[in-house]
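Q: Below is a structure I'd like to ask you about.
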Amino acid sequence: MICEGASVLLVDEAGKKFVVRAAKRMLEVGGLGVIDGAVLCTSSFGDELTVGQRRLLLLKPSVRDLLGIIERKAQIIIPKDSFLVPMSLDLSSGSKVLEGGVGSGAMTIVLLRAIAPGGRVVSYDYRKDHSEVARKNIGLSELQGCWELRLEDICTAHLEKDFDAAMIDIPNPWDAIENIKTALRVGGHLCCYVPNMNQLESLVRKMRDARFAEVHSFETIQREMIVHNGGVRPSFDMLGHTGYLTFGRKMSKL
Ligand SMILES: C[S@@+](CC[C@H](N)C(=O)[O-])C[C@H]1O[C@@H](n2cnc3c(N)ncnc32)[C@H](O)[C@@H]1O
């Protein structure tokens, strides 16, 4: 049975997706209309619900579903890039992660999925409007219990120590490097995401100056394949550019 408060993905016959938090009242679902929450809360994942002329499959949303649906107040890191981060930062259940620039909370959801249960993501953002959208989006992941938000500048904030990893998506990550280094444990991993090459140069120079080890940068290029019987080719609509991921590791106490 679907519990009150659970996030529910509704998928129509054309594959269009909607998300709603279950509650026993009439629920307004953007782009879909009003659904009867009392009926939703007596259904189970895998059941179907009829709304007007539409038949909707009820599913638990995957991380990819959520990232495709959430409100975007600030530009998000898309799955092509964000899904590479948790393994590269060596995250697992119980890890403690520092995040700079929560934005819409898309990256935060990916980090939370990697460290739950038992871990923590501590996110810094100085914009209240962005953080409020992030809070709503992260609520849909049902992982908000592992998340702490600080409304402060990550470059100057007094940070806790012994983070296992840090993930930074702010326009000037080089200004945060020294502060983040004090917060990472020895052996801890850092990832920074920047969209422009001039930012990448400033960032890598600063990471080397701060004696981060194993510093390397890359961009991921993904080509969708269009598969027809007897005809397989890459899509003509390739996403040309998103951003560059840079990784490094703190390998000394200082
Ligand atoms: C591009 S958004 C992050 C998007 C996020 N990674 C996601 O996937 O949804 C950048 C965010 O960094 C925040 N920001 C910029 N500089 C910051 C700083 N020095 N300290 C804290 N937050 C900062 C901005 O307010 C903005 O919300």
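Residues in the sequence shown are numbered consecutively from 3, following our numbering. Ideal placement from N, C-alpha and C gives every residue a C-beta, glycine not left out.
Determine the contact status of H191 and A167, defining contact as a CB-CB distance below 8 Å.
A: In the sequence shown, the residue the question calls residue 191 occupies position 189. In the sequence shown, the residue the question calls residue 167 occupies position 165. Their beta carbons are under 8 Å apart, which means H191 touches A167 by this criterion.
Q: By alpha-carbon positions, which one of L60, E221 and G96 ends up nearest to K19?
A: Residue 19 sits at position 17 when you count from the first residue of the sequence shown. Among L60, E221 and G96, the Cα nearest to that of K19 belongs to L60.
Q: Have a look at L93, D83, D127 and G120 and flag the residue whose alpha-carbon is nearest the alpha-carbon of L113.
A: On the sequence shown, position 111 is the one that residue 113 refers to. Closest by alpha carbon: L93.
Q: Let me have the residue list for ligand 1: C-beta closer than 5 Å to any non-hydrogen atom, ordered along the chain.
A: Checking every Cβ against the heavy atoms of ligand 1 under 5 Å gives A76, Q77, I78, I79, G103, G105, S106, A108, M109, Y126, D127, Y128, R129, H132, D155, I156, C157, D171 and I172.
Q: Would you identify the three-state DSSP class for G232, choosing helix, strand or coil?
A: Start at 1 with the first residue of the sequence shown, and residue 232 comes out as number 230. Note: G232 maps to coil in three-state DSSP.
Q: Among Q146, W149 and M169, which one has its Cα closest to the Cα of I156?
A: Counted from its first residue, the sequence shown places residue 156 at position 154. Of Q146, W149 and M169, the residue nearest in Cα terms is M169.
Q: Three Cβ pairs or more, each shorter than 8 Å: is that satisfied between the stretch 126–143 and the stretch 100–111?
A: Touching, yes.
Q: Using a 10 Å radius around the Cβ and a threshold of 16 neighbouring Cβ atoms, would you call D83 buried or exposed?
A: Taking the first residue of the sequence shown as 1, we reach residue 83 at position 81. D83 should be labelled buried.
Q: Report the three-state DSSP secondary structure of T52 (helix, strand or coil).
A: In the sequence shown, counting from the first residue as 1, residue 52 sits at position 50. In this structure, T52 counts as strand in the three-state DSSP scheme.
Q: Which one of V13, T44, R210 and V87 has the shortest CA to CA distance from M253?
A: Within the sequence shown, numbered from 1, the residue matching residue 253 stands at position 251. It is R210 whose Cα lies nearest to the Cα of M253.
Q: Ends of the beta strand (DSSP E) at G189?
A: By 1-based counting over the sequence shown, the position of residue 189 is 187. Start and end: L186 to V196.
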